[in-house]
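S.K.:
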Ligand SMILES: [Zn+2]
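In the working numbering, the protein residues as written are 63 to 378.
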C-alpha cells in the first residue's frame, strides 16, 4: 500500500486524482455491468472466470462515462478486471447501497448512533441570505451551530429507517437551516417565516411531521395511488406497513416508525404546493408554526408578498 501511495504522491496531484477517479469509476461500473458483459460471451465461458477483454459496447460506454480512449479503457480493465469480477472483502462492502448500509451499521452505527449511512442535512454549507453580514463581507463561514434530532425516514426501497437530521443556525443573521426549508425573520418585523428552498427540483426528502420524513419519490407514488386508484391515506399506511418489517434502531432511539395517514396527506399537500410554486416561479413561505396539514386550509392567508405566491387546493 505504501509503495502505491508513494507512486501516487510523485505524480502531479491533478493528474493523479483524475486517473484515480477513472479507475474507481471503471471498477464500480463494471461491477454493476457484470451480467451485461457476460451476455456477449459464448456459452463455454465460465461466468465465474474473469472475462479477459471487454465487449465493444462496454468499452464504448466506459470510454464515454470515464472519459478515456479505447486503449486506456483496455489498459484499465487489465489492471482492475480481477478485482471487479472476483471482488474482495473491501469492495464487496460498498458494491451496492445495501452492502454499504450493512457495512456502516456494522462498523459505524455505534460511533454515529445511526443504523443507516443516510442522514439528513440542509442543502447548503453557507448562509444564503444576501443581507447576512457574513455574506456581505464574503467571509464564507461554514454554518457551524448545529443541532441533531432523531427521526424516521420512510423510504421506498428499504422501508422506514432511523436517521439523524441536522439543522444549522447562521451566527451572522440567525437563520435556521433545516433539510428542506429555512426559518428567517421577516425583514422589518419580528415575525418569523418558514421558507422552502428555491432549488431547481423539489427536495428528495420532505418533512411531514416534527420527526418524520418521507422520500419525495414515495410521496409521489402515494399521491398517484390516491388519484388513480382511489387508495385512501389509511390504506396507504396499511400497504406500506405490510411491506416492511419493524426497522432496527439503537435501543434508546426516541422516535419510532409509526406511519400515520396524516403524514400521507401532509406529503401529498406539501409536494403539490412545492410543485405549484416551482411552476409559477415563486417560493412557498408559511408561518413557522403552521402545520403542513392546515396550509391548504388557509385560503390566501399564507401569502407573504404578493398574490401570485398563494395557492389554494381542495383538501383531498
Ligand atoms: Zn447568515
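Note that beta-carbon positions come from the ideal geometry of N, C-alpha and C, so glycine has one too.
1. Less than 7 Å between the CB of residue 237 and some heavy atom of ligand 1, yes or no?
2. Quick check on DSSP: helix, strand or coil for residue 86?
3. For residue 218, which residues in the same chain have their Cβ closer than 6 Å to its Cβ, ignoring the five residues on either side in sequence?
4. Rounded to the nearest angstrom, what separates residue 100 and residue 90 at their Cα positions?
5. In the DSSP assignment, the beta strand (DSSP E) including residue 246 goes from what residue to what residue?
6. Taking three-plus beta-carbon pairs below 8 Å as touching, is the stretch 310 to 330 in contact with the stretch 230 to 243?
7. Is it the case that the CB of residue 174 approaches a heavy atom of ligand 2 more closely than 7 Å?
8. Cβ of residue 244 within 8 Å of Cβ of residue 225?
9. Would DSSP call residue 347 helix, strand or coil?
10. Using the Cβ count rule (16 or more neighbours within 10 Å means buried), how would you classify residue 206?
11. Helix, strand or coil: which one does DSSP assign to residue 175?
12. When you measure from the CB of residue 234 to every non-hydrogen atom of ligand 1, does any distance come out below 7 Å?
13. Going by C-alpha to C-alpha distance, which of 288, 310, 338 sits closest to residue 264?
14. Any idea what DSSP makes of residue 322, helix, strand or coil?
15. Taking only the alpha-carbon atoms, compute the straight-line gap between residue 363 and residue 250 and give it to the nearest angstrom.
16. For residue 63, which three-state DSSP category applies?
17. Three or more C-beta pairs under 8 Å: does that hold for the stretch 190 to 208 against the stretch 154 to 165?
18. Do residue 316 and residue 210 come within 8 Å of each other at the CB atom, strictly closer than that value?
19. In the DSSP assignment, what residue or residues form a beta bridge with residue 182?
20. Considering only the alpha carbon of each residue, which of 299, 319, 262, 297 lies closest to residue 272?
M.R.: Let's see:
1. Yes, Cβ of residue 237 sits closer than 7 Å to a heavy atom of ligand 1.
2. helix
3. 277, 279, 280
4. A straight-line Cα-Cα distance of about 16 Å links residue 100 and residue 90.
5. 243 to 247
6. no
7. Ligands in the displayed structure: ligand 1; ligand 2 is not one of them.
8. No, these two residues do not count as a Cβ contact at 8 Å.
9. strand
10. exposed
11. coil
12. yes
13. If we check each option's Cα against that of residue 264, 338 comes out closest.
14. coil
15. Any answer about residue 363 is weak, because its pLDDT of 40 lies below 50 and its placement is not dependable; what the coordinates show is given next. Roughly 19 Å between the two C-alpha positions.
16. coil
17. no
18. Not a contact, by the Cβ cut-off of 8 Å.
19. According to DSSP, which records beta bridges pairwise, residue 182 is partnered with 227.
20. It is 319 whose Cα lies nearest to the Cα of residue 272.
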